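Okay, so the sequence shown: first residue is 89 according to the working numbering, each after it adds one.
Step one of this worksheet: look at the structure below.
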Amino acid sequence: MNVHDSEKMAGILKAEGYAETANAEDADLIIFNTCSIRQKAEQKFRSELGKIKSLKSKNPLLKIAVAGCIAQQKGRDILKRSPHVDYVFGPQNIYKLGAMLTTSGMVCIEDNPDIQYSDLPSERKENIKAWVSIMYGCNNFCSYCVVPYTRGRERSRPSLNIYEEIHALAEKGFKEITLLGQNVNSYNSDTDFPGLLRKISTINGMERIRFVTSHPRDLSESLTRCIKELPKVCEHIHLPLQSGSSSILKLMNRGYTFEDYIEKVGKLRKSIPQIAITTDIIAGFPSETDKDHAETMTALKTIEFDGIYAFKYSPRAGTGAAGMENHIPEGIKAQRLDEILKLQDEITLKCNKGLEGSVQEVLVEANVKSGKGRITGRTRSNKIVSFEGDESLIGGLVNIEIKTAMRHSLEGRLVSQGKS
Ligand code: SAH
Ligand code: SF4
89 MNVHDSEKMA
99 GILKAEGYAE
109 TANAEDADLI
119 IFNTCSIRQK
129 AEQKFRSELG
139 KIKSLKSKNP
149 LLKIAVAGCI
159 AQQKGRDILK
169 RSPHVDYVFG
179 PQNIYKLGAM
189 LTTSGMVCIE
199 DNPDIQYSDL
209 PSERKENIKA
219 WVSIMYGCNN
229 FCSYCVVPYT
239 RGRERSRPSL
249 NIYEEIHALA
259 EKGFKEITLL
269 GQNVNSYNSD
279 TDFPGLLRKI
289 STINGMERIR
299 FVTSHPRDLS
309 ESLTRCIKEL
319 PKVCEHIHLP
329 LQSGSSSILK
339 LMNRGYTFED
349 YIEKVGKLRK
359 SIPQIAITTD
369 IIAGFPSETD
379 KDHAETMTAL
389 KTIEFDGIYA
399 FKYSPRAGTG
409 AAGMENHIPE
419 GIKAQRLDEI
429 LKLQDEITLK
439 CNKGLEGSVQ
449 EVLVEANVKS
459 GKGRITGRTR
469 SNKIVSFEGD
479 ESLIGGLVNI
489 EIKTAMRHSL
499 EGRLVSQGKS
């Protein structure tokens with residue numbers, strides 16, 4: 089979501105006549121698009137912001153902006169702490185960037201109740217795959233999460249605006265889109281999420297449709313039907329579990345138990361046996377016991393996700409969980425995270441090995457950097473595949489027989505071109 093926000097900022101700047109430079113020294117404007125989902129991202133930003141300070145004495149015209157969720161949370165405090173910053177604006181105020189730059193300095197962190205109607209131009213680096221926002225904000229208030237505070241309430245873009253953006257992308261030759269929202273299953277404008285998928289499925293030239301993120305509580309049978317029935321919708325779902333312990337899930341305010349989750353996964357797999365399921369896990373949420381952690385380990389073994397993103401719990405100011413009792417020491421969080429990642433490594437490899445010998449449809453994206461004559465792309469299940477082939481295949485669909493599966497990628501052999 090942040091990457092796509094940056095594309096929107098780049099789109100606005102391009103329209104304003106700015107050009108991108110690879111060197112910070114050459115820049116007249118530097119924007120930090122920050123993330124505050126975990127402490128680590130915040131620390132990284134602080135150190136980068138400090139490093140850039142000296143550039144201002146070399147170039148007095150240089151303007152520095154801080155955008156994104158840290159900007160939203162800290163607001164004016166950023167200017168107090170770092171007087172070399174000129175502009176501060178949150179994710180709901182990207183549309184003001186052009187106007188902001190005509191002033192000498194500004195802070196924009198207001199709520200934007202009309203964000204769903206602003207169709208900002210995106211400057212995309214790639215020309216095969218694109219991100220497309222379908223909704224903004226979040227109403228879920230999971231107790232660990234800062235997003236509802238920084239990105240505001242849930243607001244869905246009208247389906248026609250989304251349709252038109254994707255149509256224009258297809259005309260430019262893009263082949264795959266990923267629909268973006270914190271909880272795409274609760275998309276709700278003139279239609280619901282399955283309705284939106286059906287509508288954009290009709291766009292000629294757009295070969296693949298993906299979406300992130302699905303909230304398990306709101307995963308409906310009509311969405312499952314869409315994945316099954318609509319040929320362009322890829323058989324992959326990112327369905328963050330967060331914990332295998334129902335008592336921790338309750339404290340997280342996730343709105344489902346582990347049993348609910350398992351039931352939904354069972355239905356998904358029954359209906360779409362080849363579906364890839366990935367997830368997010370948080371290790372060491374406040375009061376998580378060894379037993380809760382063991383339940384997460386059992387959940388990973390039972391479900392066998394294709395891949396996971398796992399993080400140590402990071403307290404975020406202002407969230408419910410930050411004020412909870414029994415925070416887990418860093419060392420234990422790290423140990424649990426390590427166990428989770430090690431276990432999942434084996435499972436990911438096992439899932440990938442299961443694909444050996446199968447033929448997979450791959451959208452070819454690029455040359456392999458290190459290997460001459462090799463190209464790479466992704467399966468419908470979002471796995472990376474490399475194989476020998478001519479770069480003229482880039483941007484097209486091919487069928488690849490999987491020869492060797494590794495943990496992070498697959499190697500295969502070109503069988504045929506075109507749709508499978
Ligand atoms: N809207 C998505 C998630 C967005 S944040 C959803 O509900 O699934 C992406 C992931 O970051 C979350 O799934 C969660 O696993 C992780 N995350 C969010 N806040 C966190 C925190 N305070 N500490 C550790 N991980 C966190
Ligand atoms: Fe955060 Fe929960 Fe909203 Fe996801 S659904 S963005 S984890 S509050």
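Heads up, the beta-carbon is just placed ideally off N, CA and C, and yes, glycines get one too.
These numbers come from a predicted model, not from an experiment.
First through last residue of the beta strand (DSSP E) which encompasses residue i
{"i": "residue 112", "result": "No beta strand (DSSP E) holds residue 112; DSSP gives it neither H nor E."}
{"i": "residue 368", "result": "364–371"}
{"i": "residue 117", "result": "117–122"}
{"i": "residue 323", "result": "Run containing residue 323: none; DSSP gives neither H nor E here."}
{"i": "residue 251", "result": "It is not in any beta strand (DSSP E) - residue 251 instead sits in the alpha helix (DSSP H) that spans 247–259."}
{"i": "residue 175", "result": "175–177"}
{"i": "residue 152", "result": "151–155"}
{"i": "residue 194", "result": "194–196"}
{"i": "residue 397", "result": "395–400"}
Check whether residue i and residue j have beta carbons under 7 angstroms apart
{"i": "residue 503", "j": "residue 450", "result": "no"}
{"i": "residue 429", "j": "residue 398", "result": "yes"}
{"i": "residue 372", "j": "residue 338", "result": "no"}
{"i": "residue 380", "j": "residue 333", "result": "yes"}
{"i": "residue 341", "j": "residue 274", "result": "no"}
{"i": "residue 336", "j": "residue 294", "result": "no"}
{"i": "residue 297", "j": "residue 260", "result": "no"}
{"i": "residue 223", "j": "residue 210", "result": "no"}
{"i": "residue 178", "j": "residue 197", "result": "yes"}
{"i": "residue 356", "j": "residue 388", "result": "no"}
{"i": "residue 175", "j": "residue 206", "result": "no"}
{"i": "residue 270", "j": "residue 226", "result": "yes"}
{"i": "residue 344", "j": "residue 329", "result": "no"}
{"i": "residue 510", "j": "residue 150", "result": "There is simply no residue 510 to check, as the chain begins at 89 and stops at 508 in what is shown."}
{"i": "residue 396", "j": "residue 353", "result": "no"}
Residue interval of the alpha helix (DSSP H) (run including residue i)
{"i": "residue 267", "result": "Unbroken run through residue 267 is the beta strand (DSSP E), 264–268; no alpha helix (DSSP H)."}
{"i": "residue 218", "result": "Careful: residue 218 lies outside any alpha helix (DSSP H), inside the beta strand (DSSP E) at 217–221."}
{"i": "residue 298", "result": "Unbroken run through residue 298 is the beta strand (DSSP E), 296–300; no alpha helix (DSSP H)."}
{"i": "residue 407", "result": "That residue, residue 407, is in no alpha helix (DSSP H); it is neither H nor E in DSSP."}
{"i": "residue 448", "result": "That residue, residue 448, is in no alpha helix (DSSP H); its beta strand (DSSP E) goes 447–455."}
{"i": "residue 385", "result": "378–391"}
{"i": "residue 428", "result": "418–441"}
{"i": "residue 187", "result": "185–188"}
{"i": "residue 349", "result": "346–359"}
{"i": "residue 237", "result": "235–238"}
{"i": "residue 165", "result": "164–169"}
{"i": "residue 282", "result": "281–288"}
{"i": "residue 134", "result": "127–139"}
{"i": "residue 335", "result": "334–339"}
In DSSP terms, what residue i is bridged to
{"i": "residue 476", "result": "462"}
{"i": "residue 101", "result": "Answer by DSSP bridge pairing: none, since residue 101 is not bridged."}
{"i": "residue 493", "result": "498"}
{"i": "residue 308", "result": "Paired residues: none, contrary to the question."}
{"i": "residue 244", "result": "223"}
{"i": "residue 486", "result": "450 and 505"}
{"i": "residue 467", "result": "450"}
Buried versus exposed call for residue i [16 or more other C-beta atoms within 10 Å across all chains shown]
{"i": "residue 192", "result": "exposed"}
{"i": "residue 91", "result": "exposed"}
{"i": "residue 185", "result": "buried"}
{"i": "residue 43", "result": "Residue 43 is absent from the structure shown; the chain starts at 89 and stops at 508."}
{"i": "residue 229", "result": "exposed"}
{"i": "residue 241", "result": "exposed"}
{"i": "residue 169", "result": "exposed"}
{"i": "residue 477", "result": "buried"}
{"i": "residue 324", "result": "buried"}
{"i": "residue 424", "result": "buried"}
{"i": "residue 98", "result": "buried"}
{"i": "residue 111", "result": "exposed"}
{"i": "residue 417", "result": "exposed"}
{"i": "residue 187", "result": "exposed"}
{"i": "residue 307", "result": "buried"}
When you compare the stretch 259–267 with the stretch 209–220, are there three or more beta-carbon pairs, one atom per stretch, that lie closer than 8 angstroms? Taking 8 angstroms as the limit for Cβ pairs, the verdict is that the stretch 209–220 does touch the stretch 259–267.
Segment contact, 8 angstroms Cβ cut-off, at least three pairs: the stretch 102–109 with the stretch 130–142: The stretch 102–109 is not in contact with the stretch 130–142.
Does the stretch 453–462 touch the stretch 401–418, meaning 3 or more C-beta pairs lie closer than 8 angstroms? By the Cβ criterion, the stretch 401–418 is not in contact with the stretch 453–462, since fewer than three pairs of Cβ atoms, one from each stretch, lie closer than 8 angstroms.
Stretch pair the stretch 115–127 + the stretch 150–169: three plus CB contacts closer than 8 angstroms: Proximity of the stretch 115–127 to the stretch 150–169 meets the contact definition, three or more beta-carbon pairs being nearer than 8 angstroms.
Does the stretch 486–498 come close enough to the stretch 298–310 to have 3 or more Cβ pairs within less than 8 angstroms? Remark: fewer than three beta-carbon pairs, one from each stretch, lie closer than 8 angstroms, so the stretch 486–498 and the stretch 298–310 are not flagged as touching.
Are there three or more Cβ pairs, one per stretch, closer than 8 angstroms when the stretch 237–253 is compared with the stretch 479–487? The stretch 237–253, when compared against the stretch 479–487, does not touch it at the 8 angstroms Cβ threshold.
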